[in-house]
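Peer 1:
Protein chains in written order, with UniProt numbering: chain A, 1 to 519; chain B, 1 to 519.
1. Which of helix, strand or coil does DSSP assign to residue 509 (chain A)?
2. Apart from the five residues on each side of it in sequence, which residues of its chain come closer than 8 Å, Cβ to Cβ, to residue 61 (chain B)?
3. Which residues in chain A have a C-beta closer than 9 Å to the C-beta of residue 304 (chain B)? List them in chain order.
4. Taking the straight line between their C-alpha atoms, what separation do you get for residue 257 (chain A) and residue 433 (chain A)?
5. For chain A, is any of its Cβ atoms less than 8 Å away from the one on residue 191 (chain B)?
6. Could you work out which residue in B:263, B:207 and B:380 is closest to residue 426 (chain B) when comparing CA atoms only?
7. Mark residue 63 (chain B) as exposed unless 16 or more other C-beta atoms lie within 10 angstroms of its C-beta, in which case mark it buried.
8. How is residue 195 (chain A) classed by DSSP in three states: helix, strand or coil?
9. Is the beta carbon of residue 263 (chain A) less than 8 Å from the beta carbon of residue 325 (chain A)?
10. Under three-state DSSP, which class holds residue 37 (chain A)?
11. Who are the neighbours of residue 488 (chain B) on chain A, taking C-beta pairs under 8 Å?
12. Enumerate in chain order the residues of its own chain whose CB-to-CB distance from residue 30 (chain A) is below 6 Å, with the five nearest sequence positions on each side excluded.
13. Is the CB of residue 508 (chain A) under 8 Å away from at least one CB in chain B?
14. Please report the distance separating the alpha-carbon of residue 513 (chain A) from that of residue 255 (chain A).
15. When the Cα atoms are used, what is the spatial distance from residue 153 (chain B) to residue 287 (chain B)?
16. Taking buried to mean at least 16 other C-beta atoms within 10 Å of its own C-beta, is residue 315 (chain A) buried or exposed?
17. Going along the chain, which residues of its own chain have a beta-carbon closer than 6 Å to the beta-carbon of residue 241 (chain A), five neighbours each way excluded?
18. Based on the DSSP output, what are the partners of residue 251 (chain B) in its beta bridges?
19. Is residue 215 (chain A) near residue 271 (chain A), with beta carbons less than 8 Å apart?
20. Let me know the secondary structure DSSP gives residue 267 (chain B) once reduced to three states.
21. State the start and end residues of the unbroken beta strand (DSSP E) segment that holds residue 230 (chain B).
22. Could you have a look at residue 150 (chain A) and say whether DSSP puts it in helix, strand or coil?
23. Whole alpha helix (DSSP H) runs in the region 281-309 of chain B with 4 or more residues, listed along the chain?
24. With a cut-off of 8 Å, do at least 3 Cβ pairs link the region 398-413 of chain A to the region 292-302 of chain A?
25. Taking Cβ positions only, does residue 352 (chain A) come closer than 8 Å to chain B?
26. Under a three-way DSSP split, which group does residue 207 (chain B) fall into?
27. Any Cβ of chain B within less than 8 Å of the Cβ of residue 57 (chain A)?
28. Please go through the same chain and pick out, in chain order, the residues whose beta-carbon is closer than 6 Å to the beta-carbon of residue 78 (chain B), but skip the five residues on each side of it.
29. Can you tell me which residues form a DSSP beta bridge with residue 460 (chain B)?
30. Taking one C-beta from the region 217-228 of chain B and one from the region 164-178 of chain B each time, how about it: are there three or more such pairs within less than 8 Å?
31. So with Cβ pairs under 8 Å, would you call residue 127 (chain A) a contact of chain B?
32. Would a check of beta-carbon distances place residue 76 (chain A) closer than 8 Å to chain B?
33. Quick one: what does DSSP say residue 28 (chain A) is sitting in, helix, strand or coil?
34. Mind checking residue 361 (chain A): buried by the 16 CB within 10 Å criterion, or exposed?
35. Specify, as a first and last residue, the run of the alpha helix (DSSP H) that residue 476 (chain B) falls within.
36. Residues in its own chain within less than 8 Å of residue 285 (chain B) by CB, not counting five upstream and five downstream?
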């Protein structure tokens, strides 16, 4: 599945359920005045705040089918930025785009037993067209391993057909019933899924990490969200695969880890089931080694959860479809036309320099309303131009992330805007990383673990790496908030002291592993 | 629906049915030698030829669910070229991308009666997830008018919310049972669908034509396929819309017109059903004017049908993912390494100059096999480099479209390759246009019409523009090959002589209209 969604997760209470945001009564005076603002606070009522911010920020519209959401242009443009980056990178790796059908026949879907067990409960089935029942029911792809691999078997004959490296950008459907949340957990989502086949395990292993590094860059360089790279446990790995690597993000407000994207080595298991063989240089039959990997629109939700604040969305400049919003601030007796012209000129200069800039000339809203509006939408930089600015041949720039104001001479506009946007991008990452790091706790005993869990930490603990112990941790931590599970064993392993034991079983520890509740 | 597929078309015999291509016995000696080549000829057995060429050209793989096809990278890259062009153009028009759900609830789907009548028989229904029956069955979008417009109603309040201009790139499903054909008629296909709302009819009218011009450019400038721009008859217009414009292509081999893409003015009909109103400048409630428009992966099939030949695909340079294939032609005693180096250098030079060029260095195929292989795949220009070329510091360029050979001094490589590719692009269009034009017949009487129809012509006839007469034409031409219908009334109308009568009814003619069988 190359999945970006947590599988096998426990049912649990989740405050960010599929409720439409309420327009509750906590609005402040200033918000009433502008008609904008959020009625929920991020630190007080995170779930409601999230639902409200994605709607008021015009990213999402709730849809009349539960668990399905409308991605409005404000969200879609972020997806397009990530798409453009990732698509160009994988093309450099000679991975080619294709498109396989949305539908899978039942018999093919069920070919890999572990795999289908992971997906069966949430497969949507088409059983009729018009008024006519179909002879055989047909599944909508929850992922495309079983859709694609019968054809890999057909296309791969000899060693010269390898590697076969395909990717597709598409929608997939997983009819989950628990806790639908915009972007994070939806019944239909958009993703890319890469499916590659190699002659050797070494090539497959290398690609797994190369792709994982692209996922890290999407999170850290584009979305300014710090992640941890690591390997999933046997219990949490992709159903039917050999091993799963992932980038793991963390949401401090809920104390939940969130699987950001996954890059799986499938080993030879699917190759065996689908008979994907090739003749090697010596004329001997061999099985291929396969990978699959994916990231989804979930990325956008993680970004919103990490950076958003009580004024609304906060978008990192690299993915914001509007990086700079220019707002005229005319006064009664001022040179209004001069101000408007200066705004237009500013937008032109910035756009020509490659920035994404717009002016808001609407005459039915006050500057103050516009400030709130564009803060809600998370535009990284606001430029105000008033009479004084006009006289001084300057503009006033205001950062969305920290509210800092700077008067910029128009002569230095391009350089200073570039500097400020770069600084915002970096500051967002630094602030998120600092906050995330304060949420990491080391626990060497069960008691320490339980204390940290109650404090909503992401917990780094020495572990014996036994599946039974992980199941036991889940069982022992079950509760209203949901059970804890392993998130990943980080590639960047701290030293494991001599004789250190597993926090849960007391057996000799084999590695450090992150644990916590998760989405 | 903004549909690129012919609706309401009669059931008919169609030789290009969903049969996998046979590997029939007509192979010539040379083809046996190379193991390549087509066993069907375009002029002898068009349907079989088409099925074979899309598979052997590695565009399509047949899928185990009838009417669904795998788009391989060789086809997908063409879609991406069109996507990139069109997406950039509509962004200039301030149209924004979004993504609405795949699923529609039954009640919403049925809101516009004429509309649903057009689609109901081919809607695929999801009725269960896992083993659990859904409370209410859910449709898969055949098009997104009814998915989107309830939200247009919500988002549009005042005149400042207009125009609202959205587009999405997605898959849609129409579970047709007749004549599945790769690209041309499939149960799932890819498209873009634009949905816009305006305050005035004038703005909507203007956009309809602006989009139609982009569709013309896709066909004529990218795919080198000549089209006719025009208006559909009342009988053939989009179900629920006000009027439909289209670009109409023609397939000489089958004598069938093919609706290339459509740009609909929906008028205010959907606005009425979905209550999409706004308050105008005077505070009065008004209904919006709407358009929808789409082009689909059908475009690729039209291109294949028009340009392909008995050697395989013929790709126009503007959409070919490989424009130039460089093939080393070493001889026993020749400087093989020198030849290989020259090939690599040639590819580098061309790629740096912005061409899409590759070399085929495979050591297990002969140059002759490679020629056939890349001819099958339709690469516009082949460059051969042998010992003589090396000595003379030249390359030999061979055109796919007409086989013309030219020795090019390496000093002039970039200029001459550019010239040849431009020439191929233009020649393909000219040849296709010339062929198409010879298929156009003017018929002023029923007898002339029937003769022309039997000759597989696209027939330009004076028409009274009455729906009953069109139905009558359909009824009277029903037969094994399918009935004739109106294709479009061209915008470019020849003069209508005084007193001329309708070819079918004898009533006074109101306009010239194209008629014929169609896909």
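Beta carbons: idealized from backbone N, C-alpha and C, even for Gly.
Peer 2: Walking through what the data contain:
1. coil
2. 55, 69, 70 and 72
3. Here the premise fails: no neighbours, minimum Cβ distance about 16 Å.
4. 14 Å
5. no
6. B:380
7. buried
8. strand
9. no
10. coil
11. Per Cβ cutoff of 8 Å: no residues; residue 488 (chain B) is ~28 Å from chain A at best.
12. Here residue 30 (chain A) scores only 38 on pLDDT, less than 50, and its place in the model should not be relied on; the value that follows carries that caveat. Result list for residue 30 (chain A): empty, nothing under 6 Å.
13. no
14. 16 Å
15. 10 Å
16. buried
17. 264 and 266
18. B:256
19. no
20. strand
21. 228-231
22. helix
23. 298-307
24. no
25. no
26. helix
27. no
28. 300 and 319
29. B:442 and B:514
30. no
31. yes
32. yes
33. Residue confidence for residue 28 (chain A) is low, a pLDDT of 37 falling below 50, so the modelled location carries little weight; the figure read from the coordinates is stated next. Residue 28 (chain A): coil per DSSP, three-state reduction.
34. exposed
35. 467-477
36. 277, 278 and 279
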